[in-house]
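A.B. asks: Here's a structure for you.
Residue numbers (my numbering), protein chains in the order written: chain A, 1 to 322; chain B, 1001 to 1319.
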């Protein structure tokens, strides 16, 4: 490849686009460590990682969806539904608690994928309907939200999110493994290259004979499965199925993916960037909690503002490329 | 179904569904035909309709505004804070806040080039947080002027309904009879072509988001005035979804280039009537949500015919 000045500028802009969130994250962590005595402790840092892991699992699926140029607004509801199903299922055994939510949430993702990929309906509308649908089902099985299912005290299901290995909670390990698999799938499989090709130029991918429809269906299926999996993890962690969880989560997840440098127009992005985006959001939350005098509502204000700044920068950088 | 039939269904399906549901209710719901029921339904639909009208304009430009619910909450939270300036003063400040968020969304979309869904998502997240920061816990609104605005009526018509009706008429006029409306539709149809034709694309886009923000703020104030309280955490929650649904089932395509005001009104009324019908017959909220989900997908599916046509020819089908 020849290196022209334009190409160099494009490369700099692209890496700034991708690594921007990482730089902000490092600065935020270093600054907070000096500013707050309690921030840099091992306990607090593992706590941040643990809290971030539930969001991270869901964000992994969303990264693939956004890479295809789509969007999945249903993940918050599906997450909550997965949690309630897991807690309800736990009374019938650990495998029921794990498989039931995956089955139901996977089915919701599959149907959404089929409607989007085969029916050609806009993802925004289909998954918006999915949001209402999953929340409706959740309310139906939880008696209009009045019933909170508890995981039985002796259930091995609790161990899934409450247990730890080498002092690090299972959810963190799960996230590390899941993101590793995610990166491999994206970069080493036909499915992964199809996903990127769809986001880049769907018609071209289609003409090239790539399995566009199948890849899209698989993507929404995976998003549903991962959202449900995130839900069952939180059910295991809190030992209960909390019906009010996940409201507005889809937006937090999308923010994390966009912060991580995945372009909403699809076709480009990194799996690790998403992890950075999730961690950044979690660090912001933690820092605002550390500043005792600040109202916790500032979390949303800061997260929203950072999102707007990052997308503005992304736009600016991509114009530099042009 | 032939293209013609599909097109007819797309354009008029919402009216047919509305009339059918009205007839079904007249037949099977006790006390449905009464001034009280009608009045209550109209009062409840009015704020959603205000938001949906603004949303219809934004969707006409091929945009979307997710921040409307948060803007409602901000506007409502400002009412008790600035009620010292009198009813009109507080109303103006609140509505002005809606205009400010509209300018922000418009500039991000038109000048910076951020996708509408992301720009308004950021405003939504930050805005809901700001509403909570300003508003804190639920605050009651006791100002007589506000209470009158929310609950009073003129010649038997509630102010809230009257305002929504006037705004709907204005919106129809804007879309059909004003230069701005023609430019908006042209931009939504093909932004590039509109730019080449020398239309003031950026100005029209910003104006549209400002109108949407203003209407959302007005809806927020009216809702707070009616319940005589501002609850920044809950007020306007998920209203963006109801508004988008009303617009889409009213026949305005998400791909822009068309705005159907009458359809939007019918869409908002239909959503309200579906919810009300289920409540009248003691069908729980959860089932209502599932029903709403199915209706949204079905409504968009009907629009599909012309989408496929567009894909084949590589350009937008305009009416």
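Beta carbons are placed, not taken as given, at the ideal position from N, Cα and C, and that holds for glycine.
Keep in mind that this is a model prediction, so the values were computed, not measured.
1. Using a Cβ-Cβ distance cut-off of 7 Å, determine whether residue 122/A contacts chain B.
2. Taking three-plus beta-carbon pairs below 8 Å as touching, is the region 266-281 of chain A in contact with the region 177-191 of chain A?
3. Quick check: residue 1293/B and residue 133/A, are their CB atoms within less than 7 Å of each other?
4. Rounded to whole angstroms, what's the CA-CA distance from residue 1228/B to residue 1043/B? Just pull it up for me.
5. Considering just the uninterrupted stretch of the alpha helix (DSSP H) at residue 250/A, what are its terminal residues?
6. Less than 8 Å between C-beta atoms, sequence neighbours within five positions excluded: which residues of the same chain meet that for residue 1180/B?
7. In the DSSP assignment, find the alpha helix (DSSP H) that holds residue 163/A and state where it starts and stops.
8. Would you mind telling me which residues of chain A sit closer than 8 Å to residue 1284/B, beta carbon to beta carbon, in chain order?
9. Spell out a yes or no on whether the region 163-183 of chain A and the region 109-123 of chain A are touching, meaning 3 or more CB-CB pairs, one atom from each, closer than 8 Å.
10. Is the region 72-90 of chain A touching the region 204-214 of chain A, taking contact as three or more C-beta pairs under 8 Å?
11. Kindly indicate which three-state DSSP category residue 1242/B falls into: helix, strand or coil?
12. Around the Cβ of residue 1062/B, are there at least 16 other Cβ atoms within 10 angstroms (buried) or fewer (exposed)?
13. Taking the Cβ atom as the reference point for each residue, do residue 1214/B and residue 1095/B lie within a distance shorter than 7 Å?
14. With a 10 Å radius around its C-beta and 16 neighbouring C-beta atoms as the bar for buried, classify residue 1079/B as buried or exposed.
15. Indicate the three-state DSSP secondary structure (helix, strand or coil) for residue 303/A in the structure shown.
16. Along chain A, which residues have their Cβ under 8 Å away from the Cβ of residue 1297/B?
17. For residue 1222/B, which residues from the same chain have a beta carbon less than 6 Å from its beta carbon, with the 5 sequence-adjacent residues on both sides left out?
18. Strictly below 7 Å CB to CB, what residues from chain A border residue 1263/B?
19. Going by beta-carbon coordinates alone, are residue 284/A and residue 255/A separated by less than 7 Å?
20. Please state whether the Cβ-Cβ distance between residue 55/A and residue 257/A is less than 7 Å.
21. Secondary structure at residue 1140/B, three-state DSSP: helix, strand or coil?
22. Using a cut-off of 7 Å between C-beta atoms, extract the partners of residue 118/A located in chain B.
23. Pairs of beta-carbons, one from the region 1097-1117 of chain B and one from the region 1247-1260 of chain B, closer than 8 Å: are there three or more?
24. Rounded to the nearest angstrom, how far is the Cβ of residue 1209/B from that of residue 1109/B, given a contact under 8 Å?
25. Please confirm if residue 136/A has its CB atom under 7 Å from at least one CB of chain B.
26. Give every residue of the same chain whose Cβ lies closer than 7 Å to the Cβ of residue 323/A, excluding the five residues on either side of it in the sequence, and list them in chain order.
27. With a cut-off of 8 Å, do at least 3 Cβ pairs link the region 25-45 of chain A to the region 92-99 of chain A?
28. Looking at the secondary structure, which residues open and close the alpha helix (DSSP H) in which residue 51/A lies?
29. Looking only at its chain, what residues have a beta carbon closer than 7 Å to the beta carbon of residue 173/A, apart from the 5 residues adjacent to it on each side?
30. Do residue 241/A and residue 92/A have their CB atoms nearer than 7 Å?
31. With H, G and I counted as helix, E and B as strand and the rest as coil, what does DSSP make of residue 1229/B?
32. In its own chain, which residues sit with a C-beta less than 6 Å from the C-beta of residue 229/A, not counting the 5 before and 5 after it?
33. If you measure from the beta carbon of residue 1289/B to each beta carbon in chain D, is any gap under 7 Å?
34. Taking the CB atoms as reference points, tell me whether residue 1128/B and residue 300/A lie closer together than 7 Å.
35. Give the residues of chain A in contact with residue 1272/B, contact being defined as C-beta atoms less than 8 Å apart.
36. Does the Cβ-Cβ distance between residue 74/A and residue 131/A come in under 7 Å?
C.D. replies: The structure says:
1. Flagged as an interface residue toward chain B: residue 122/A, by a C-beta distance shorter than 7 Å.
2. With the cut-off at 8 Å, the region 266-281 of chain A and the region 177-191 of chain A touch.
3. At a Cβ-Cβ threshold of 7 Å, residue 1293/B and residue 133/A count as neighbours.
4. Near 15 Å, if we compare the C-alpha coordinates of residue 1043/B and residue 1228/B.
5. Start and end: 249-259.
6. Beyond the five residues adjoining it in sequence on each side, residue 1180/B comes within less than 8 Å, by CB distance, of 1174, 1204, 1207 in the same chain, given in chain order.
7. Residue 163/A -> no alpha helix (DSSP H), and no H or E assigned at all.
8. 139, 140, 144, listed in chain order.
9. No, they do not touch.
10. Because the criterion of three Cβ pairs below 8 Å is not met, the region 72-90 of chain A and the region 204-214 of chain A do not touch.
11. Residue state, collapsed to three classes: helix.
12. Taking all protein chains in view, the Cβ of residue 1062/B is crowded by 16 or more other Cβ atoms within 10 Å, so the residue is classified as buried.
13. Yes, the pair counts as a contact, with Cβ atoms nearer than the cut-off.
14. By the Cβ-count criterion, residue 1079/B is buried, with 16 or more other Cβ atoms from all chains shown falling within 10 Å of its own Cβ.
15. The three-state reading of DSSP puts residue 303/A in helix, counting H, G and I together.
16. Here the neighbours are 115, 121, 125, 126, 129.
17. Excluding positions up to five away in sequence, the list reads 1047, 1160.
18. Those within 7 Å of residue 1263/B in chain A number zero; the least Cβ separation is about 16 Å.
19. Contact: no.
20. No, they are not a contact pair.
21. Residue 1140/B falls in the strand class under three-state DSSP.
22. What residue 118/A touches in chain B: nothing, since even the nearest Cβ is about 11 Å away.
23. No: the two stretches stay apart, fewer than three of their Cβ pairs being nearer than 8 Å.
24. Contact flag correct, Cβ pair sits at about 7 Å.
25. With a threshold of 7 Å between beta carbons, residue 136/A makes contact with chain B.
26. No answer is possible for residue 323/A: it lies beyond the span of chain A, which begins at 1 and ends at 322.
27. Contact between the region 25-45 of chain A and the region 92-99 of chain A is absent, because fewer than three Cβ pairs lie under 8 Å.
28. Following the DSSP letters along the chain, one finds residue 51/A inside the alpha helix (DSSP H) bounded by residues 42-67.
29. Within the same chain, residue 173/A has close Cβ partners 165.
30. Residue 92/A is positioned such that its CB atom lies no closer than 7 Å to that of residue 241/A.
31. In this structure, residue 1229/B counts as strand in the three-state DSSP scheme.
32. Excluding positions up to five away in sequence, the list reads 57.
33. No chain D appears in this structure, whose protein chains are A and B.
34. When the beta-carbon positions are compared, residue 1128/B and residue 300/A come within less than 7 Å of each other.
35. Below the 8 Å Cβ cutoff, chain A contributes no neighbours of residue 1272/B, its closest Cβ being approximately 16 Å away.
36. The beta carbons of residue 74/A and residue 131/A sit closer together than 7 Å.
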